[in-house]
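Chemist:
In the numbering used here, the protein residues as written are 1 to 222.
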């Protein structure tokens, strides 16, 4: 797998702790919406600290984009990324990953786990192929919702938010669990796309299987 040194071109605030990083795109670089790369910061010893991040740009664009949540409670890679400025350099690998669009279905995301779905929905929107795809997005608070306005524009009523740590009249209060899935999904023969923290992903996958979903129709990062 090849590695590429690329320059940061721009940074945009998305939420209080999420930023979109626009970077150089190596010549001939290709990826599929939903795929990721191993990324590190070309600075001191951080170049050896590679972490997986998902492309949120589209293949036809001239640059690459990553939408990244920063965890500032410890000095890890995402915290270091809060100090990055245009002109700084990153190292990325060739694209990899098991998450890609395999047919119309339901997307289930927890927090920053929504990032693989950003490029997928952007791609479907550009191609006018959104169909009845639906996104259930779970967050702790309303201010944590990533790209709320964009998802509302793309998906309309098929963008459903769940908030677990505050009550609001605008969004469903609770979590995505077996009871929620049973109540809100009637067809378990469709494709399901799942991404989030490890415990979120494993619990959702188990619940879907128990409710009759085909294991071969479950798309997640293995």
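Where is the CB? At the ideal position from N, CA and C, for every residue including glycine. Only a predicted model underlies this, so the values are computations on that prediction, with no experimental measurement involved.
1) Output the distance between the C-alpha atoms of residue 39 and residue 85, rounded to the nearest integer angstrom.
2) Among 19, 73, 72, which residue has its Cα nearest to the Cα of residue 54?
3) How would you write the range of the alpha helix (DSSP H) that residue 150 sits in, first residue to last?
4) Which residue marks the beginning of the alpha helix (DSSP H) containing residue 125, and which one marks its end?
5) Taking residue 173 as the reference, which of 3, 119, 162, 27 has the closest Cα?
6) Does the stretch 116-135 come within contact of the stretch 202-216, defined as at least 3 CB pairs closer than 8 Å?
7) Under 8 Å: do the stretch 70-87 and the stretch 140-150 share three or more Cβ pairs, one atom per stretch?
8) With a cut-off of 8 Å, do at least 3 Cβ pairs link the stretch 175-182 to the stretch 91-102?
9) Does DSSP put residue 50 in a helix, in a strand, or in coil?
10) Give the single residue among 183, 102, 126 whose Cα lies nearest to the Cα of residue 136.
11) In chain order, which continuous runs of the beta strand (DSSP E) of length 3 or greater are located wholly inside the stretch 24-75?
12) Assuming contact is defined by CB atoms lying nearer than 8 Å, are residue 220 and residue 201 in contact in what I supplied?
13) Which one of 215, 113, 123 has the shortest CA to CA distance from residue 197?
14) Is it the case that the stretch 99-111 contacts the stretch 39-53, given that we only count it when at least three CB pairs across the two stretches are under 8 Å?
15) Out of curiosity, what's the CA-to-CA distance linking residue 222 and residue 60?
16) Give me the residue from 89, 213, 83 with the minimum Cα distance to residue 47.
17) Indicate whether residue 24 and residue 63 have their beta-carbon atoms separated by less than 8 Å.
18) Just to confirm before moving on: does the CB-CB distance between residue 159 and residue 108 stay below 8 Å?
19) Under the rule that 16 or more other beta-carbon atoms within 10 Å means buried, what is residue 168, buried or exposed?
20) Would you report the Cα separation of residue 195 and residue 106, rounded to the nearest angstrom?
21) Using the three-state DSSP reduction, which class does residue 101 fall into: helix, strand or coil?
Modeler: In terms of the structure at hand:
1) 16 Å
2) 19
3) 148-155
4) 115-126
5) 162
6) no
7) no
8) no
9) coil
10) 183
11) 36-41, 51-54, 63-69
12) yes
13) 113
14) no
15) 27 Å
16) 89
17) yes
18) no
19) exposed
20) 12 Å
21) coil
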